[in-house]
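For the sequence shown, position 132 (counting from the first letter as 1) is numbered 131 according to numbering that gives the first Met the number 0, and the numbering increases by one without interruption. The structure appears right after this line, and notes come after that.
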Amino acid sequence: MLTTKVGLHIPVGLAFEEWERAGRQLSGLLNSSSWWLGDWLVYGKDQYADRYERGIRAAGLQYQTLRNYAWVSRRFELERRRPELSFQHHAELASLPVEEQEDWLDRAERMKWNTKQLRNAIRAERENGSEQMSAAATRRLAVPDNRLQWWHRAAAHAGTELGEWVTSTLDAAASQVLKEVDLHVPLE
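Structure, rendered in C-alpha cells:
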C-alpha cells in the first residue's frame, strides 16, 4: 500500500489479512497522532512561548482542536497513558481528579469499553451517586473480578448500568425464591 497526502493506494487483489492489518495500523496512527500533536503543542508552549502561535498556524489545524489535544496531553503524563485505550477514552476523563481517572481507566481497560460505553458508565455512576449519597447506609459486597466483568458485560448487553442490573436481577431472583417458599408454607 502507498499512502499519499490525499489518499491510500491499495493494490488490486490484496489479501484480507493484509487489508485487516493495514486497518489496525491506520487506526493506531490516527489515535497516536492526537497524542503526538498534544505533546508537540505542550512542548512548544513551554519552549517557544513567543513563537507558539506561529507554530500552531504552521500545523494548519483548528486552534480549538489543538488546544484540546494539548489539554488532554497535559492531564495524562506519558507514563499514565493506556495504550489499550484511545485518546478519546482519556479525553473523556481529563477533567476528573487523577485518582478517578485511574479508576475509570482501569475499568475501561478491564471491561474493554468503547468511548461511548465509558461515557455512559460515568453518567450512570454520577446519577446513582447522588441517590446513594442520600441513602442512610451503604452495604459492600466482595465480588471476584471475573464475576464482576461478567456482570458488567451482561448489564451492558441489557443496556443498563451495573448497579441497576444487579438490583433488578437480585429482586427477580428473591421474588422467585420467596414465591416458591410461600407455596410450601402451610397456611394458618
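Here a beta-carbon is modelled for each residue, glycine too, at the ideal position from N, C-alpha and C.
- With fewer than 16 neighbouring CB atoms inside 10 Å of its own CB, I9 falls in the exposed class.
- With contact defined as three or more Cβ pairs closer than 8 Å, the region 29–36 and the region 79–98 are in contact.
- Rounded to whole angstroms, the separation of the alpha carbons of N67 and G162 is 32 Å.
- Below 8 Å, enough C-beta pairs join the region 144–162 and the region 110–123 to call them touching: three or more.
- Take the alpha-carbon of W103 and the one of G12: they are about 43 Å apart.
- Residue pairing from DSSP places L7 in a beta bridge opposite T2.
- Using a Cβ distance threshold of 8 Å, A69 and V97 do not count as a contacting pair.
- E78 counts as exposed, since fewer than 16 other C-beta atoms from the protein chains shown sit within 10 angstroms of its C-beta.
- Less than 8 Å separates the beta-carbon of E160 from that of N127.
- The continuous alpha helix (DSSP H) containing V97 extends over residues V97 to M110.
- In this structure, the beta-carbon distance from S72 to G37 falls below 8 Å.
- For Q46, the enclosing alpha helix (DSSP H) starts and ends at F15 to Q46.
- In the DSSP annotation of this structure, Q61 is not part of any alpha helix (DSSP H), being labelled neither H nor E.
- The distance from the Cβ of Y62 to that of I55 is about 6 Å, consistent with a contact at the 8 Å cut-off.
- For F75, there is no enclosing alpha helix (DSSP H), as DSSP gives it neither H nor E.
- Across the structure, M0 and G22 are spaced so that their CA atoms are roughly 11 Å apart.
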